[in-house]
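Enquirer: Chains as they are written, first to last, in our numbering: chain A, 1 to 335; chain B, 336 to 670.
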């Protein structure tokens, strides 16, 4: 059974491209409230699970030890644009632990966001690891290791104590058994583990509600999600959907993208979390899917519903500003 | 019936993303030699049919009148990077007709190719219409109108004589009836017409073989394809698949990409043309599909077959150079 078409891209009066995918929304007990496609299939969460990967930073006491507030915790959960504010804050986090960019093992890349890339090209010869979209997560990793007295060098390795702890955290939250077989290497060189989409959603629902979590974990999860919702610019940046969606309703929506068309989101007040994967890995479609799926649980708030649906369904314009077509979600997401 | 998965993207030992699509290869008589998916469905050729759109430039005598050689004709069929050589040649083409960048109606955009964009950002405040990936096609349009004594202003309009002529040319080559219903507006503001994928392939097979074409059209088609194959840098540019594939075997392979995952290609010596569409519009998958489909008709040339399959199946590396997965075509394209 092929996954359903969830997003269409039109041109003129015709559908030009189609995106299939899987979406699941669950409550804190793991009950499925909505689904489309094969939600038991394994999906690499990629960067969409950074808030899970940041739990050791808070649970270990490192975040408090180094005096990290909402901005630092948001950056630890971020896939940012590499804007000056992002790079500077990652640098400052490392400095709190007496560390520097030299300790980052994520590699360097130019910003994925065009306006930022243009500014970077004019301001620097080449980007550093601080500009890597994962530098905040890695700065958090370095601080966690430094605080615990673990070796910092090699912190990205599968057998490093930090990655073992993250693996155990992921297993506990998602309910999935994580073995070498489901392990890949992420863009920033840390391990990434394929888990069932439904388990991924349940993990975020546990974080959003605290259901089924020990008090310390529930508190750390709430703190990380609240930090992201309070400082959405530090989770992504200028013209980025994660930032824009969270800014629509401060404190009410958590949303985090991952490479290859993954998105995780949560509505803490409603006690719901969402995980989705665009089959072909395309960001434009994953963005439409997450906006529409969040909207379906916010029908009671006309303004917020409309604002989210405007992110899901939007007109594309060409270089002369002429409307050429639309990105739109299909009925499969709205019924 | 869903279109088949033709390209997989792996991570570790698992498939992370999947691309579905339709592919058809035909001979000059239109006989289907290979197909996958629904090849009767309508597809917007987008920029993949630029060589068809350039026929009036040659057939009208404008190309000869302005002394255009292989480079100018290749640029008229191109979707280029906006590198200095591309922008300068588009400018020179316009100057031959006493025209300038002011006459271009394609709009302006930064290069889609990162290295070129970085150089552009350092060298200019903002790009002009000469840097638009379609500027060569539009320069050809302006020259065609100027030579014919038609108004240049408004040459992108559906009812402009040039677009009427292109529409008639597309109908004749593809065998499709083109009405307002199948018309969209392209990124560069000219009309684009959805035609059956099989008809699109047949149009390119006619151009590659001359079969079924009047002598003047056959000659013009051969000249345009030969120009692209002789000057592949001017069809795309640095690190671009069209350029790289045509450079593998000078004079033997024609290949042209289009937006939203379209590719057209031809093997003039074998008398075969190919048209394909990745269902989700992703370039990485369309590139793998075209390389593998060309390869299947070149099994008699071990070196060329291997070089094309290396374009179809390739390893992805992260920012630290670590191999994280592969882009690979499925058996559906190789059987």
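Here a beta-carbon is modelled for each residue, glycine too, at the ideal position from N, C-alpha and C. Quantities reported herein were computed from a predicted structural model and do not represent experimental measurements.
At which residues does the beta strand (DSSP E) containing residue 35(A) begin and terminate?
Expert: Taken as a continuous stretch (DSSP letters only), the beta strand (DSSP E) holding residue 35(A) covers 32-36.
Enquirer: List, in chain order, every chain B residue whose beta-carbon is nearer than 9 Å to that of residue 334(A).
Expert: Here the premise fails: no neighbours, minimum Cβ distance about 20 Å.
Enquirer: So, residue 588(B) versus residue 564(B), is the Cβ gap smaller than 8 Å?
Expert: Going by C-beta atoms, residue 588(B) is nearer than 8 Å to residue 564(B).
Enquirer: Please list the segments of the alpha helix (DSSP H) lying wholly inside the stretch 358-435 of chain B, counting only runs of 4 or more residues, in order along the chain.
Expert: Within the stretch 358-435 of chain B, the complete alpha helix (DSSP H) runs of at least 4 residues are 385-388, 390-394, 397-400, 405-411, 419-431.
Enquirer: Residue 348(B) versus chain A: which residues are under 7 Å apart at the beta carbon?
Expert: Correct list: 181.
Enquirer: Cα separation between residue 62(A) and residue 191(A)?
Expert: Rounded to whole angstroms, residue 62(A) to residue 191(A) spans 22 Å at the Cα level.
Enquirer: Could you pull out every residue in the same chain whose Cβ sits closer than 8 Å to the Cβ of residue 450(B), ignoring the five residues on either side in sequence?
Expert: Only 573, 574 meet the Cβ criterion.
Enquirer: What's the C-alpha gap between residue 331(A) and residue 98(A)?
Expert: For residue 331(A) and residue 98(A), the distance between alpha carbons rounds to 53 Å.
Enquirer: So what does DSSP say about residue 618(B), is it helix, strand or coil?
Expert: In this structure, residue 618(B) counts as helix in the three-state DSSP scheme.
Enquirer: Quick one: give me the first and last residue of the alpha helix (DSSP H) that residue 122(A) is part of.
Expert: Start and end: 114-123.
Enquirer: Measuring only between beta-carbons, confirm whether residue 392(B) sits less than 8 Å from chain A.
Expert: Taking Cβ atoms only, chain A never reaches closer than 8 Å to residue 392(B), which makes this a no.
Enquirer: Can you grab the Cα-Cα spacing for the pair residue 551(B) / residue 44(A), in whole Å?
Expert: Their Cα atoms are separated by approximately 55 Å.
Enquirer: In three-state terms, what does DSSP make of residue 204(A)?
Expert: Residue state, collapsed to three classes: helix.
Enquirer: Report yes or no: is there a C-beta of chain B within less than 8 Å of the C-beta of residue 359(A)?
Expert: Given that chain A is displayed from residue 1 to residue 335, the structure contains no residue 359(A) and the question cannot be resolved.
Enquirer: Tell me where the beta strand (DSSP E) around residue 552(B) begins and ends.
Expert: Run containing residue 552(B): none in the beta strand (DSSP E); it sits in the alpha helix (DSSP H), 550-565.
Enquirer: From residue 349(A) to residue 296(A), what does the alpha carbon distance come to, in whole angstroms?
Expert: With chain A covering only 1 through 335, there is no way to say anything about residue 349(A).
Enquirer: With three or more beta-carbon pairs closer than 8 Å as the criterion, would you say the stretch 451-460 of chain B touches the stretch 115-131 of chain A?
Expert: Verdict: yes, contact present.
Enquirer: Any Cβ of chain A within less than 8 Å of the Cβ of residue 523(B)?
Expert: By this cut-off, residue 523(B) is an interface position.
Enquirer: Going by beta carbon distance, what residues of the same chain come within less than 6 Å of residue 56(A), once the five residues before and after it are set aside?
Expert: 144, 165.
Enquirer: If residue 675(B) sits next to residue 607(B), beta carbons under 8 Å apart, how far is it from one beta carbon to the other, in whole angstroms?
Expert: Only positions 336 to 670 of chain B appear in this structure, which leaves residue 675(B) out of reach.
Enquirer: Could you work out which residue in 311(A), 321(A), 324(A), 260(A) is closest to residue 48(A) when comparing CA atoms only?
Expert: It is 260(A) whose Cα lies nearest to the Cα of residue 48(A).
Enquirer: Per DSSP, residue 607(B) forms a beta bridge with which residues?
Expert: Bridge partners of residue 607(B): 362(B), 602(B).
Enquirer: So if I threshold CB-CB distances at 9 Å, which residues from the stretch 32-65 of chain A count as touching chain B?
Expert: For the stretch 32-65 of chain A, which is checked against every Cβ of chain B, the residues closer than 9 Å are 42, 43, 44, 46.
Enquirer: Could you tell me how far apart the beta carbons of residue 7(A) and residue 285(A) are, in whole angstroms, since I believe they sit closer than 8 Å?
Expert: Indeed they touch by this definition, with Cβ atoms about 4 Å apart.
Enquirer: Using a C-beta cutoff of 8 Å, does residue 79(A) count as contacting chain B?
Expert: No - not a single Cβ of chain B is within 8 Å of the one on residue 79(A).
Enquirer: Would you say residue 185(A) reaches chain B, if we count a Cβ-Cβ gap shorter than 8 Å as a contact?
Expert: It does; some Cβ of chain B falls within 8 Å.
Enquirer: Which bits of chain A does residue 615(B) rub up against, with CB to CB less than 7 Å?
Expert: Result: 17, 18, 19, 280, 282.
Enquirer: Distance cutoff 8 Å, beta carbons only. Does residue 117(A) sit that close to anything in chain B?
Expert: Chain B contact via Cβ: present.
Enquirer: What three-state label does DSSP hand residue 308(A) in the structure shown?
Expert: Correct three-state label for residue 308(A): helix.
Enquirer: If you follow the alpha helix (DSSP H) that residue 329(A) is in, where does it begin and where does it stop?
Expert: Element bounds for residue 329(A): not the alpha helix (DSSP H) but the beta strand (DSSP E), 323-329.
Enquirer: Count the other C-beta atoms from every protein chain shown that fall within 10 angstroms of the C-beta of residue 289(A), then say buried if there are 16 or more, exposed otherwise.
Expert: Buried, since its Cβ has 16 or more Cβ neighbours within 10 Å.
Enquirer: Using a Cβ-Cβ cut-off of 8 Å (strictly less than) and excluding sequence neighbours within five positions of residue 323(A), which residues of its own chain qualify?
Expert: The answer, listed in chain order, is 315, 316, 317.
Enquirer: By the three-class DSSP mapping on this structure, what secondary structure does residue 356(B) have?
Expert: The answer is strand: DSSP assigns residue 356(B) an E or B state.
Enquirer: If the criterion is Cβ atoms closer than 8 Å, does the pair residue 71(A) and residue 231(A) meet it?
Expert: Against a cut-off of 8 Å, the Cβ pair of residue 231(A) and residue 71(A) comes out as a contact.
Enquirer: Going by alpha carbons, who is nearest to residue 136(A) out of 246(A), 86(A), 123(A), 95(A)?
Expert: Out of 246(A), 86(A), 123(A), 95(A), 86(A) has the C-alpha closest to the C-alpha of residue 136(A).
Enquirer: Please tell me whether residue 666(B) has its Cβ less than 8 Å away from any Cβ of chain A.
Expert: False, the Cβ-Cβ gap to chain A never drops below 8 Å.
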